[in-house]
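A.B. asks: Heads up, the final residue of the sequence shown is numbered 446 in UniProt numbering, and it's a clean run with no missing numbers. By construction, the Cβ of each residue, glycine as well, lies at the ideal position given by its N, Cα and C atoms.
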Amino acid sequence: MDLVIRARRAVIGGCEVPATVSVRDGRIVAVRPYDEDLHPGGAEITELDDDVVLLPGMVDSHVHINEPGHAEWEGFAGATRAAAAGGITTLVDMPVDSVPATVSVEALTAKRTVAAGRCHVDVGFWGGLIPGGIEVAAALHRAGVLGFKCFLADSGAPDFPPLSPDGLTEAMRALRELGAVLLVHAESDAEIAKHPAARGPSYAGFLRSRPPQVEEAAVAAVIDAARVTGARAHIVHLSSATALPLIAAARRDGVRVTAETCPHYLSLAAEQIPDGATEYACCPPIREAANRERLWSGLAAGTLDLVVSDHSPCAAELKHRDTGDFGTAWGGISSLQLALPIVWTEARRRGIPLTEVARWMSERPARLAGLPAKGRIAPGYDADLCVFSPGETFTVRVEDLHHRQPITPYAGRRLHGVIQRTWLRGRDIDPAHPAGRLLTRLEDPS
Ligand SMILES: [Zn+2]
């Protein structure tokens, strides 16, 4: 044994229980009762206090790292350092907002080349699926991406155009053959065109430019395509709770569709966003408090499967904080390092246990990304672990964040939950020695 952790509180099998976790060669080899006699065989024994909880390392399957091309927005070293500080031990990089976008094997190679040797946590990659990209998708799949992402509306990136409704069905048919999941940014181009574009600093105006119908129409299109093709689809960053009944009904029919939401939709509310405060700009937008509460109900009901950061940085000037113009400001919120404390702070307030948060932020994202060794504390899993102090509070200070860009809507917020320590494959994460691996899809397990 290399490491034995004795925890009076550990999240194991969906419950918080006392346990002793033994690690050898980076893997969990045994999970035993806390009181069982120890025969550590020379291993280092770590005894945890009873005011902390041993969690599986979080898995964030929605992170935009902008290297290569926009390293000044966010790079692999900084993003993975932020992840580790936030209790995240695995992340999956989105294929858009770097140059080139990950829509070819060459682009994936470029990503992997800049990431190699720089990552402090394990990193996997989604591939991008754009019009005409089906053959390329098969090559990316062979090259090891964990699945694919597409848009149904303008992505803001000229090299990442959206799929048409027919293109979506065609893409899903191809991915069904490959056995790969399609992640969809579910905002409808046609629906956006029916509403006046956002202009100026009015947040209400920004919200009117992307009303709930924009998401509902796109979610309906995704469900239709998943239904006729039998493919597996995943709705990323759902903001509008009005789309939840569509998803719930589709699942009752056996359609293979899952959905995620994000810390900002679960913690912030339109009523509290000042005009001109473009640090809150993201697409789809943060909606009213009543909508936020319905998202929490969707998580409780299991209609929403998981919570991921959608960490989406940009150069500070692209936020146009000087003019506060929501029509031109970059849409995206950076929260990688804060995602777990934000979600825990809100969950705790609603009487939701940490076991649920671990399910949403570790087990389910690992399952989405097809990472069988991640997301749980159990024998055979990677020893990716996090010591979390749920009762401790801190105030968000920009200077404590490892994010490359300092803009955040969370500055000054008081949050519950302090990450005390993280292990990656049984080793303490050391900011001086990046030990993260680049993950590839396992060969077809069937
Ligand atoms: Zn995103």
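1. In terms of residues, what are the limits of the beta strand (DSSP E) holding residue 384?
2. Note down the Cα distance separating residue 423 from residue 48, rounded to an integer number of angstroms.
3. My output table needs one value for residue 219: the three-state DSSP class, helix, strand or coil.
4. Straight-line CA distance for residue 246 to residue 150?
5. Compute the Euclidean distance between the alpha carbons of residue 262 and residue 345, then round it to the nearest angstrom.
6. Output needed for residue 189: all residues of its chain with C-beta closer than 8 Å, excluding positions within five of it in sequence on either side, in chain order.
7. Going by beta-carbon coordinates alone, are residue 239 and residue 274 separated by less than 8 Å?
8. Based on Cα-Cα distance, which residue from 38, 347, 131 lies nearest to residue 415?
9. Quick one, are the C-beta atoms of residue 108 and residue 124 less than 8 Å apart?
10. Please confirm whether any heavy atom of ligand 1 lies closer than 7 Å to the CB of residue 312.
11. Does the beta-carbon distance from residue 9 to residue 59 come in below 8 Å?
12. Please classify residue 379 as buried or exposed, where buried requires at least 16 neighbouring CB atoms within 10 angstroms.
13. Just the C-alpha distance for residue 445 and residue 219, rounded to the nearest angstrom, thanks.
14. What is the C-beta distance between residue 211 and residue 237, in whole angstroms, given that I count them as a contact (C-beta under 8 Å)?
15. Out of 26, 77, 406, point me to the one whose CA is closest to residue 316's CA.
16. Quick check: residue 101 and residue 438, are their CB atoms within less than 8 Å of each other?
17. Please name the residue or residues paired with residue 148 in a DSSP beta bridge.
18. Please confirm whether residue 332 and residue 276 have their CB atoms less than 8 Å apart.
19. Going by DSSP, name the residue or residues bridged to residue 311.
20. So residue 257 packs on residue 221, CB below 8 Å; how close in whole Å?
21. Please list the segments of the alpha helix (DSSP H) lying wholly inside the segment 232-312, counting only runs of 4 or more residues, in order along the chain.
22. Does the segment 418-433 come within contact of the segment 63-78, defined as at least 3 CB pairs closer than 8 Å?
23. Which same chain residues, not among the five before or five after residue 202, have their C-beta less than 6 Å away from its C-beta?
24. Please confirm whether any heavy atom of ligand 1 lies closer than 7 Å to the CB of residue 103.
25. Does DSSP put residue 16 in a helix, a strand or coil?
26. Pick from 11, 3, 7, 1: whose alpha carbon is nearest that of residue 354?
27. Taking three-plus beta-carbon pairs below 8 Å as touching, is the segment 82-91 in contact with the segment 14-25?
28. Let me check you understand the geometry: is the CB of residue 92 closer than 7 Å to at least one non-hydrogen atom of ligand 1?
29. Are there any heavy atoms of ligand 1 lying less than 7 Å away from the beta-carbon of residue 236, as far as the coordinates show?
30. By Cβ distance, which residues of its chain are closer than 7 Å to residue 289, with the 5 residues on each side in sequence left out?
31. Closer than 6 Å by C-beta to residue 498: which residues in its own chain qualify, once you throw out the five before and the five after it? Chain order, please.
32. For residue 401, name the three-state secondary structure that DSSP assigns.
C.D. replies: Considering the structure as presented:
1. Taking the sequence shown and counting its residues from 1, one reaches residue 384 at position 384. Element bounds for residue 384: n/a, residue is neither H nor E.
2. Locating residue 423 in the sequence shown gives position 423, where the first residue counts as 1. Locating residue 48 in the sequence shown gives position 48, where the first residue counts as 1. For residue 423 and residue 48, the distance between alpha carbons rounds to 14 Å.
3. As a working mapping, residue 219 is identified with position 219 in the sequence shown. Of the three classes helix, strand and coil, the one that applies to residue 219 here is helix, per DSSP.
4. Taking the sequence shown and counting its residues from 1, one reaches residue 246 at position 246. Taking the sequence shown and counting its residues from 1, one reaches residue 150 at position 150. Approximately 20 Å, taken between the alpha carbons.
5. The residue labelled residue 262 in the question sits at position 262 within the sequence shown. The residue labelled residue 345 in the question sits at position 345 within the sequence shown. Roughly 14 Å separates the two Cα atoms.
6. The residue labelled residue 189 in the question sits at position 189 within the sequence shown. Closer than 8 Å at the Cβ level, and outside the excluded window around residue 189, lie 152, 153, 154, 162.
7. Working through the sequence shown from its first residue, we reach residue 239 at position 239. Working through the sequence shown from its first residue, we reach residue 274 at position 274. No, the pair does not count as a contact, with Cβ atoms beyond the cut-off.
8. Residue 415 sits at position 415 when you count from the first residue of the sequence shown. Minimum Cα distance to residue 415 is reached at 347.
9. Counted from its first residue, the sequence shown places residue 108 at position 108. Counted from its first residue, the sequence shown places residue 124 at position 124. Contact flag unset, no.
10. For the purposes of this step, residue 312 is taken as the residue at position 312 of the sequence shown. Residue 312 Cβ: within cutoff of ligand 1.
11. As a position in the sequence shown, residue 9 is number 9, starting the count at 1. As a position in the sequence shown, residue 59 is number 59, starting the count at 1. Cβ distance not < 8 Å, so residue 9 and residue 59 don't count as in contact.
12. For this step, residue 379 is matched to residue 379 along the sequence shown. Residue 379 should be labelled exposed.
13. Here residue 445 refers to the residue found at position 445 of the sequence shown. Here residue 219 refers to the residue found at position 219 of the sequence shown. Low confidence applies here, because residue 445 scores a pLDDT of 42, under 50, leaving its location unreliable and the question unanswered by this model.
14. Taking the sequence shown and counting its residues from 1, the one referred to as residue 211 is at position 211. Taking the sequence shown and counting its residues from 1, the one referred to as residue 237 is at position 237. Not a contact, Cβ separation roughly 16 Å.
15. Position 316 of the sequence shown, counting from 1, holds the residue named residue 316. Of the listed residues, the one whose Cα sits closest to residue 316 is 406.
16. As a first step, residue 101 must be located in the sequence shown, where it is residue number 101. As a first step, residue 438 must be located in the sequence shown, where it is residue number 438. Cβ distance not < 8 Å, so residue 101 and residue 438 don't count as in contact.
17. Here the question's residue 148 lines up with position 148 in the sequence shown. In the DSSP output, where bridge partners are listed per residue, residue 148 has 127, 182.
18. The count along the sequence shown starts at 1 and reaches residue 332 at position 332. The count along the sequence shown starts at 1 and reaches residue 276 at position 276. Cβ distance not < 8 Å, so residue 332 and residue 276 don't count as in contact.
19. To locate residue 311, count along the sequence shown from 1; it is residue 311. According to DSSP, which records beta bridges pairwise, residue 311 is partnered with 63, 333.
20. For this step, residue 257 is matched to residue 257 along the sequence shown. For this step, residue 221 is matched to residue 221 along the sequence shown. 11 Å between Cβ atoms; not a contact.
21. Those alpha helix (DSSP H) runs which fall completely within the segment 232-312 and span 4+ residues are 244-252, 263-267, 289-301.
22. The answer is no - the segment 63-78 does not touch the segment 418-433, with fewer than three Cβ pairs under 8 Å.
23. Working through the sequence shown from its first residue, we reach residue 202 at position 202. The beta carbon of residue 202 lies closer than 6 Å to those of 275 in the same chain, with the five residues before and after it left out.
24. Start at 1 with the first residue of the sequence shown, and residue 103 comes out as number 103. False, no ligand heavy atom lies under 7 Å from that Cβ.
25. Start at 1 with the first residue of the sequence shown, and residue 16 comes out as number 16. Reduced to three states, the DSSP call for residue 16 is strand.
26. On the sequence shown, residue 354 is found 354 positions in, with the first residue counted as 1. With distances taken between Cα atoms, residue 354 lies closest to 11.
27. no
28. Residue 92 sits at position 92 when you count from the first residue of the sequence shown. The answer is no for residue 92.
29. For the purposes of this step, residue 236 is taken as residue 236 along the sequence shown, with counting starting at 1. Here the distance from the Cβ of residue 236 to the nearest heavy atom of ligand 1 is below 7 Å.
30. In the sequence shown, residue 289 corresponds to position 289, counting from 1. Answer for residue 289: 269, 271, listed in chain order.
31. The chain is shown from 1 up to 446; residue 498 falls before or after that span and cannot be answered.
32. One-based indexing of the sequence shown puts residue 401 at position 401. Reduced to three states, the DSSP call for residue 401 is coil.
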